[in-house]
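Everything below concerns the one structure shown next.
Number of protein chains: 2
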Amino acid sequence: MTDQHIASAFDRDLEGIQAKIMKMGGLVEAAILDAAQSLETRDEELAEKVRVGDKAIDELEEMINEDAARLIALRAPTAGDLRLVLTVMKISANLERIGDYAKNMAKRTSILANMSPINGSQAALRRMAREVNEMLKDALDSYIQRDVTKAQDVIHRDADVDQMYNALFREFLTFMMEDPRNITACMHLHFMAKNTERMGDHVTSIAEQVIYLVTGDTPEEDRTKQDKTSTDTSLSPQAS
Amino acid sequence: MTDQHIASAFDRDLEGIQAKIMKMGGLVEAAILDAAQSLETRDEELAEKVRVGDKAIDELEEMINEDAARLIALRAPTAGDLRLVLTVMKISANLERIGDYAKNMAKRTSILANMSPINGSQAALRRMAREVNEMLKDALDSYIQRDVTKAQDVIHRDADVDQMYNALFREFLTFMMEDPRNITACMHLHFMAKNTERMGDHVTSIAEQVIYLVTGDTPEEDRTKQDKTSTDTSLSPQAS
């Protein structure tokens, strides 16, 4: 009887934490899309909303950490339940990082709003952000449903995001070489592209956590391998 | 008697985890310096060592996480001890990220080895890396000694790293505008500078963890505020 009582108290506490994770996920999903949109439509008000909104995301992470620590201390969960709580903490840490990247993107909107737009890059960035947003939705779904297949699918899709980033990197190099007046804008845009690519890495990390939670295995991976700009010498035209 | 027995078992287990943290810290400190040196001396062998060495860092983080989870499950620590274990896990997560950034820097060494060096930038980057390395040493010392003053000092010094980054960012913009043949090299160097600046943020985060552990307070901060390149419009010459 006592055991069962303890078990259901654990479940109830965990549900409270998971509700906060989902709330946090919703805020982060919106921040990704809003940051990219504020860039494309030069909407400084929307960018400001993303920047200010990051506080709520950070506060949720703090609360989740405190709740999780209290849960462990109070309920002394078994090994399996403990793993679950630790997973939740890692997911919230990843969400917090993604929120930071979105905030960082939004900070650059006001600078870029004052520069000539770079031929199609803003739209490409937004497509990238939309893909990351979809991946995040699916990663959080895969957590709730304990769906390993869905989590694996998210991990595979990260390669598309990496490819979009590689294409943009090449484009920026070209634009800068064509016209030095593009350099500053391209430097900022490149930052945003790299940040979006990193968001994808954090979403991948969430999906990996789900797989580990369900199967006990950490998927073999080298998350950075698809960013070819650090190794592909064909991107270095003046190397020869 | 039993209580005392449990307490000392906890201490013994924790000591084992802390030894791994210190080992991990040593590897990460070396990776930071080696990555920057491999760039300056165009030493591809050293860069390869950093890239390969990151595996050992990742494995240590895995082990620390497993040990910590086992410790919590087995010893059911009190609130204070639990906070300590969670802090250790966060420190190891930060160390792992810093190691990743060092690996990422080292990946770019081979590309940059084939390009003309950019006037003094490599040396400036190395100075930045050395400062981050010193900060990391002190942050880990502050953890071992539970020294809040030392931890606060580390946090303050991060502003210097941010300033070094801002100066480099301006330099890279100038070099690229002066001569488009500098663009590719500067893009890679800028990446490395930004990665080093981010390492500083993670060291700061470790110092903040120490302060939280000792005092229970999270220092009020906006870690990104010193990167002025995302807000300072004076960096946008063609804005007008």
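These protein sequence lines are chains A and B, in that order. Mapping of the first sequence onto numbering that gives the first Met the number 0: residues 0 to 239, in sequence order. Mapping of the second sequence onto numbering that gives the first Met the number 0: residues 0 to 239, in sequence order. We treat Cβ as the ideally placed atom computed from N, Cα and C, and that holds for glycine. Keep in mind that this is a model prediction, so the values were computed, not measured.
(request) Find the residues of chain B that neighbour Pro179(A), judging by a C-beta separation of less than 8 Å, and give them in chain order. (result) Met175, Met176 and Pro179
(request) Return no unless some Cβ of chain B is closer than 9 Å to the Cβ of Arg41(A). (result) no
(request) Tell me, to the nearest whole angstrom, how far the beta carbon of Arg107(B) is from that of Phe190(B); I am working on the premise that it is less than 8 Å. (result) 7 Å
(request) Express the C-alpha separation of Val213(A) and Gly79(A) in angstroms, rounding to a whole number. (result) 10 Å
(request) Answer yes if the stretch 94 to 105 of chain A comes into contact with the stretch 51 to 66 of chain A, meaning at least three C-beta pairs across the two stretches below 8 Å, and no otherwise. (result) yes
(request) Would you identify the three-state DSSP class for Asp178(A), choosing helix, strand or coil? (result) coil
(request) Report the three-state DSSP secondary structure of Thr108(A) (helix, strand or coil). (result) helix
(message) I want to verify the contact list: residues of chain B whose CB lies under 7 Å from the CB of Arg82(A), in sequence order.
(response) Ala68
(message) On the CB-based measure, 16 or more other CB atoms within 10 Å of its CB, does Ile143(A) come out buried or exposed?
(response) exposed
(message) At a threshold of 8 Å, does Gly119(B) count as lining the ligand GTP (C-beta to nearest heavy atom)?
(response) Here there are no bound small molecules, and the ligand GTP is not part of this structure.
(message) Relative to the C-alpha of Ala18(A), which candidate in Gln121(A), Lys48(A) and Glu60(A) has its C-alpha closest?
(response) Glu60(A)
(request) Determine the direct distance from the alpha carbon of Met88(B) to that of Asn64(B), and round the result to whole angstroms. (result) 6 Å
(request) Would you identify the three-state DSSP class for Gly79(A), choosing helix, strand or coil? (result) helix
(message) Under 9 Å, Cβ to Cβ, is there at least one residue of chain A near Phe9(B)?
(response) no
(request) Starting from Ser120(A), trace the alpha helix (DSSP H) both ways and give me its first and last residue. (result) Ser120 to Gln144
(request) Please list, in chain order, all residues of the same chain as Lys22(B) whose beta carbon is under 7 Å from its beta carbon, the five residues on each side excluded. (result) Leu59
(message) Check for me: the alpha helix (DSSP H) holding Met62(A) runs from which residue to which?
(response) Glu43 to Arg74
(message) Less than 9 Å between the C-beta atoms of Ile31(A) and Ala92(A), yes or no?
(response) no
(message) Once DSSP output is grouped into helix, strand and coil, what is the label at Ser241(B)?
(response) Residue 241(B) cannot be examined here, being either before or after the span of chain B that is shown, 0 to 239.
(request) Let me know the secondary structure DSSP gives Asp159(B) once reduced to three states. (result) helix
(message) Check whether chain A comes within 9 Å of Lys193(B), counting only Cβ atoms and requiring the distance to be less than that.
(response) yes
(request) Indicate the three-state DSSP secondary structure (helix, strand or coil) for Asp152(B) in the structure shown. (result) helix
(request) Taking C-beta pairs closer than 8 Å, name the residues in chain A that Ile182(B) reaches, listed in chain order. (result) Leu172, Met175, Met176 and Ile182
(message) Among Glu14(B), Val27(B), Ser7(B) and Phe9(B), whose alpha-carbon lies nearest the alpha-carbon of Met198(B)?
(response) Val27(B)
(request) Have a look at Arg125(B), Lys149(B) and Met176(B) and flag the residue whose alpha-carbon is nearest the alpha-carbon of Tyr164(B). (result) Arg125(B)
(message) Could you check whether Ser120(A) and Glu170(A) sit closer than 9 Å to each other, using their CB atoms as the reference points?
(response) yes
(request) Given a cut-off of 9 Å, decide if Ala72(A) and Leu38(B) are closer than it, judged by their beta-carbon atoms. (result) no
(message) Applying the 10 Å Cβ sphere with the 16-neighbour rule, what's the burial state of Asn118(B)?
(response) exposed
(message) What does the Cβ neighbour count give for Ala123(B), buried or exposed, with the cut at 16 atoms within 10 Å?
(response) buried
(request) Could you name the residues of chain B that Leu85(A) contacts, counting a contact when the two beta carbons are closer than 9 Å? (result) Asn64, Ala67, Ala68, Ile71 and Met88
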